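The listed protein sequences derive, respectively, from chains A and B. When we follow numbering that gives the first Met the number 0, the leftmost residue of the first sequence carries the number 0, and every step to the right adds one. When we follow numbering that gives the first Met the number 0, the leftmost residue of the second sequence carries the number 0, and every step to the right adds one. For each residue, glycine too, the CB sits at the ideal point set by N, CA and C. A quick note: this is a predicted structure, and the numbers were derived from the prediction, not measured. Below is one structure, written out as structure tokens; the observations come after it.
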Amino acid sequence: MKKTPIWGMWLFTVGAFAFVVAILVLVKAVPLETFSGMVTGALGTPGGWRGTLREMTPLLILGAAVFLALKAGLFNIGADGQYTVGALAGVATALAVPGPLGMVLALGAGCLAGALWALPAGLIKAYKGGHEVITTIMMNNIARFLTVALVAGPLRNPAQESATTKILAKESQLPILIQDGPFRLNIALFLGLGIVIGVGIWLRTTVSGYELMATGANKRAAEASGVSVAQTLVKAMTASGLLAGLAGAVHVLAYENRFYADFSPGFGFDALGVALLAASNPFLLIPAALLFGAISQGTSAISILGVPKGLSGVLLGLTILVFAVFRYRKETPHA
Amino acid sequence: MSQETPAVQMTDIVQKFGSFTALDHVSLAVQKGGIHALVGENGAGKTTLMKVLYGALKQTSGHVELSGRPIQFRNQAEAIQNGIGMVSQHYAIIPELTCLQNLMLGAEPGWAIPVKKAEERAYDLASKMGFSFDWNSPAAGLSPAGAQKLEILKLLWRKASIMILDEPTAMLSPSDSDALYDSLKSLAEGGATIIVVTHRLPEVMESCQNVTVLRGGKLIDSRPVSDVTTAELANLIVGRSLEIPTKEGFLGSNPWLQVKGLTVKGDRGNEAVRNASFTLCKGEVVGIAGVDGNGQRELFQALSGNRKPQGGQIVLAGKDVTKEGQAQRIQAGVRQIPEDRHAEGVIEEWSLAENASLGLQRHPTLRKGSFIDRKARLDFASKIAERFRTKHSGFQKPMKSLSGGNQQRFVAARALAIDPKLVLAFQPTRGLDIDGTQQVYNALRATARSGGAALVVSFDLDELLEHCDRVMVICHGVLSEVPENQTRDRAAIGRLMVGAEL
Numbered sequence: 000m001k002k003t004p005i006w007g008m009w010l011f012t013v014g015a016f017a018f019v020v021a022i023l024v025l026v027k028a029v030p031l032e033t034f035s036g037m038v039t040g041a042l043g044t045p046g047g048w049r050g051t052l053r054e055m056t057p058l059l060i061l062g063a064a065v066f067l068a069l070k071a072g073l074f075n076i077g078a079d080g081q082y083t084v085g086a087l088a089g090v091a092t093a094l095a096v097p098g099p100l101g102m103v104l105a106l107g108a109g110c111l112a113g114a115l116w117a118l119p120a121g122l123i124k125a126y127k128g129g130h131e132v133i134t135t136i137m138m139n140n141i142a143r144f145l146t147v148a149l150v151a152g153p154l155r156n157p158a159q160e161s162a163t164t165k166i167l168a169k170e171s172q173l174p175i176l177i178q179d180g181p182f183r184l185n186i187a188l189f190l191g192l193g194i195v196i197g198v199g200i201w202l203r204t205t206v207s208g209y210e211l212m213a214t215g216a217n218k219r220a221a222e223a224s225g226v227s228v229a230q231t232l233v234k235a236m237t238a239s240g241l242l243a244g245l246a247g248a249v250h251v252l253a254y255e256n257r258f259y260a261d262f263s264p265g266f267g268f269d270a271l272g273v274a275l276l277a278a279s280n281p282f283l284l285i286p287a288a289l290l291f292g293a294i295s296q297g298t299s300a301i302s303i304l305g306v307p308k309g310l311s312g313v314l315l316g317l318t319i320l321v322f323a324v325f326r327y328r329k330e331t332p333h334a
Numbered sequence: 000m001s002q003e004t005p006a007v008q009m010t011d012i013v014q015k016f017g018s019f020t021a022l023d024h025v026s027l028a029v030q031k032g033g034i035h036a037l038v039g040e041n042g043a044g045k046t047t048l049m050k051v052l053y054g055a056l057k058q059t060s061g062h063v064e065l066s067g068r069p070i071q072f073r074n075q076a077e078a079i080q081n082g083i084g085m086v087s088q089h090y091a092i093i094p095e096l097t098c099l100q101n102l103m104l105g106a107e108p109g110w111a112i113p114v115k116k117a118e119e120r121a122y123d124l125a126s127k128m129g130f131s132f133d134w135n136s137p138a139a140g141l142s143p144a145g146a147q148k149l150e151i152l153k154l155l156w157r158k159a160s161i162m163i164l165d166e167p168t169a170m171l172s173p174s175d176s177d178a179l180y181d182s183l184k185s186l187a188e189g190g191a192t193i194i195v196v197t198h199r200l201p202e203v204m205e206s207c208q209n210v211t212v213l214r215g216g217k218l219i220d221s222r223p224v225s226d227v228t229t230a231e232l233a234n235l236i237v238g239r240s241l242e243i244p245t246k247e248g249f250l251g252s253n254p255w256l257q258v259k260g261l262t263v264k265g266d267r268g269n270e271a272v273r274n275a276s277f278t279l280c281k282g283e284v285v286g287i288a289g290v291d292g293n294g295q296r297e298l299f300q301a302l303s304g305n306r307k308p309q310g311g312q313i314v315l316a317g318k319d320v321t322k323e324g325q326a327q328r329i330q331a332g333v334r335q336i337p338e339d340r341h342a343e344g345v346i347e348e349w350s351l352a353e354n355a356s357l358g359l360q361r362h363p364t365l366r367k368g369s370f371i372d373r374k375a376r377l378d379f380a381s382k383i384a385e386r387f388r389t390k391h392s393g394f395q396k397p398m399k400s401l402s403g404g405n406q407q408r409f410v411a412a413r414a415l416a417i418d419p420k421l422v423l424a425f426q427p428t429r430g431l432d433i434d435g436t437q438q439v440y441n442a443l444r445a446t447a448r449s450g451g452a453a454l455v456v457s458f459d460l461d462e463l464l465e466h467c468d469r470v471m472v473i474c475h476g477v478l479s480e481v482p483e484n485q486t487r488d489r490a491a492i493g494r495l496m497v498g499a500e501l
């Protein structure tokens, strides 16, 4: 077994950093100022924290969704589409049934929509061998255009110029736990943390979690151990979709309070990064989601310095690469 | 001969893994142009020593010389450039590629491959060895013997003059094994140096010139085969006299597993098992002899619930289980020692503790309701590790940290641990030494006697004759009983195995 030399990895890290600095110089920003602005903007002020935690919330639930599928050996690239349909279903339900009951129904509708959106990919994978990456990408496109059509048509708020739904009534929204003071916290954050912890505990302590992970680790061994691999794949994909759909519903009920065309800024894809950073430990989803939330919030904060917002994508991508270099170091195939 | 500089000279090799000493001042001299056997129990250090030789491991101390020239390979690629290659127990054949592509893989003649020329050279190499290959057909269709041959040709393609073969006959039928040694002999006569790591002493006695015995990482003895008897060799390997098992005659009368008219389709839609009918009595250990690929796999898959039979009936302990799935059969007490432990028996990245419950994860003793009972699982892991003395360095360590033989011990013990009613053992002693083989069969027998039955597939007829109560034969999917007056007649059973008339 050979290990990549440690200096090589540090060289890579420095290279990645230099790349970011080069971009900053290119857009005529002062690197040092930019970095300190990012950190302050994300974690240095109450407002920054509020934004960071807000960005973190959907990433927690979506991260758990992607993580769950990953443990069953499935790449749920479709989390973004499931999130989008979940959000629309949540808004539509909450608009139809106002009040706390509607809110609960809306969360359920989000789950259902996400699960149904993932189900075909699970079935195709389990029984026809069609790769889930391809099918979920297709489902993402369908989700995107279908929701745009719906929000431009039957669900559109006629009082608005753009394609958007009405805003949810206050009593339909997820409650804010700490209203006053600098830290305004929505219950959604705790819901997200609870889901991550719940998924982690379920995977590690239950027999069904064990069987799901056996399926992901070695299908033939799972089959020989009495696990129905096909059923497990369908269930894992559907459960992953369910959580992703829930993330969408939670996001609209807690923060956005409405649905509009091209709703997702790519949370579903960021969640892939979150799950990959967490690697084998579900509880690492929490710091990973926090990191992603902070980078996202930090880059929004410095956009006033003239740094393009797209920088967050560059930073996230490089972060994953650097982590990957360190993480997979030991896994160089041995002789 | 002994005055010549040896082709391989390894001197005072020490290999430590942490605090564990795998090789303790081991020396090995291999003469050019012969077949040298390296024997020893599981974990004796045979594979480790070979890995040092071809550069997969860097020794802690000691040095290696090839024909008097000191070398230190950094990796296998360097080793092969210097003419040393290894065929490991697990063939590195990629089924999707053609035989020719597999042959060249990693040693292509250039950026663009002159197919005609490559084919010619492949054909020449093969015919020199007396092999024949359909070079442009996918390697997926190769039998284990074919894959083994292709692996040897891969070394010849790379112009290896020193070849290491790890358990080369483990998956081969007796006639294929003989053929393999014939080709090895002709290679050796042509000047190649061959090192064979093996457990099969008859092979050593018949085909090798020299033998080196390792035990517990130490060199025990090294001498010409002509100076040693099989019994002496066995004693050198184990370090004490082996008890010769007294074979008790066992005749069951209580039908336990009844199979009637079972027909099973193979992956290619062929009838892999045709109309098989047989009965296992309570307490019996029954062997199925046959050349690899004659339907053993599909028969076992049908019995374990992994493959739906086309027709027929399976009755276990008076209950028709034909329609039941794998999980239900496990619940009914069907246990497997699977053929391919890497692919089916273990999850290599998982810890020993996690692997202990694989297949038994729903057994009431290993869970509390829907939850895993971790404590019970850990106790269980230590119980099964103890049974066949699996060498390990902790139950939280990944399964892949164990040597192949130790993994096999673990997997075999697991299958025999809780309520086994029918044990399906496919090559249960693959990679095990004499002592381990004995232990596993003793346990199989004890398990069967205490209220179950065991069905054993092995490609080693001698092993089956030695350890099983009786032997059936499978050939081209047709299962047949051995006529009563010939049950111990090796030659007669051998003829049945190849479908010849009695």
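Contact between the stretch 243 to 261 of chain A and the stretch 149 to 160 of chain A is established, with three or more Cβ pairs separated by less than 8 Å. Among the residues facing chain A, L357 (chain B) is included, as its CB has a counterpart in that chain under 7 Å away. Using a CB distance cut-off of 7 Å, V206 (chain A) counts as an interface residue toward chain B. For A453 (chain B), no CB of chain A lies under 7 Å from its own CB, so it is not counted at the interface with that chain. Listed in chain order, the non-local C-beta contacts of A246 (chain A) below 6 Å within the same chain comprise P57, I60, L61 and Y82, local neighbours out to five positions each way being set aside.
For the pair I76 (chain A) and C474 (chain B), the Cα-to-Cα distance works out to about 48 Å. Separation of Q309 (chain B) and R448 (chain B) (C-alpha to C-alpha, rounded to the nearest whole angstrom) is 32 Å. The stretch 405 to 417 of chain B and the stretch 375 to 386 of chain B touch, with no fewer than 3 CB-CB distances between them shorter than 8 Å.
The stretch 184 to 196 of chain A makes no contact with the stretch 113 to 121 of chain A: fewer than 3 CB pairs, one atom from each, lie closer than 8 Å. Interface residue (Cβ-Cβ distance to chain B less than 7 Å): Y259 (chain A) is not classified as such.
Per the DSSP secondary-structure output, V51 (chain B) pairs with nothing in a beta bridge. Here T229 (chain B) carries a helix assignment [DSSP, helix/strand/coil]. Along the stretch 404 to 428 of chain B, none of the residues has a CB nearer than 8 Å to a CB of chain A. Within the stretch 305 to 332 of chain B, those residues whose Cβ lies closer than 9 Å to any Cβ of chain A are, in chain order, N305, G324, Q325, A326, Q327, R328, I329 and Q330. DSSP, read as helix, strand or coil, puts S176 (chain B) in helix. Looking from the CA of A424 (chain B), the closest CA among B:K115, B:E188, B:A146 and B:V285 belongs to B:V285. Contact check for S174 (chain B) against T168 (chain B) fails: the beta carbons are separated by 7 Å or more.
Runs of the beta strand (DSSP E) lying entirely within the stretch 263 to 318 of chain B, each at least 3 residues long, are 270 to 280, 284 to 288 and 310 to 315 in chain order.
Remark: C-beta atoms of I294 (chain A) and L275 (chain A) do not approach each other more closely than 7 Å. If you draw a straight line from the Cα of L431 (chain B) to the Cα of V38 (chain B), it is about 12 Å long. H250 (chain A) carries a helical assignment under DSSP once its states are collapsed to helix, strand and coil. With 16 or more other Cβ atoms inside 10 Å of its own Cβ, S87 (chain B) counts as buried. Between the C-alpha atoms of Q230 (chain A) and M236 (chain A) there is a straight-line separation of about 10 Å. Neighbours of Y209 (chain A) across chain B, judged by C-beta separation under 8 Å: E353, S356, Q360 and I371. Interface criterion not met: the Cβ of I83 (chain B) is under 7 Å from no Cβ in chain A. Against chain B, the beta carbon of R219 (chain A) has neighbours under 7 Å at A342 and E343, listed in chain order. Taken atom to atom, the span from the alpha-carbon of A108 (chain A) to that of F66 (chain A) is near 22 Å. Burial state of D468 (chain B) is buried, judged by a 10 Å Cβ sphere holding 16 or more other Cβ atoms. Using a Cβ-Cβ cut-off of 7 Å, P397 (chain B) is close to nothing in chain A; its nearest Cβ partner there is about 11 Å away. Put simply, of B:G332, B:G268, B:G67 and B:H341 the residue whose alpha carbon is nearest the alpha carbon of R306 (chain B) is B:G268. According to the DSSP assignment, F19 (chain B) belongs to the beta strand (DSSP E) that extends over F19 to V29. Rounded to whole angstroms, E483 (chain B) and I492 (chain B) show a C-alpha spacing of 11 Å. Taking 9 Å as the Cβ-Cβ cut-off, the stretch 152 to 175 of chain B has no residue approaching chain A. Non-local beta-carbon contacts of N139 (chain A) in its own chain, meaning distances under 6 Å to residues more than five positions away in sequence, involve G77, D79 and G80 in chain order. Assignment of S136 (chain B) by DSSP, reduced to helix, strand and coil, places it in the coil class.
Note on geometry: alpha-carbon atoms of F249 (chain B) and V455 (chain B) lie some 16 Å from one another.
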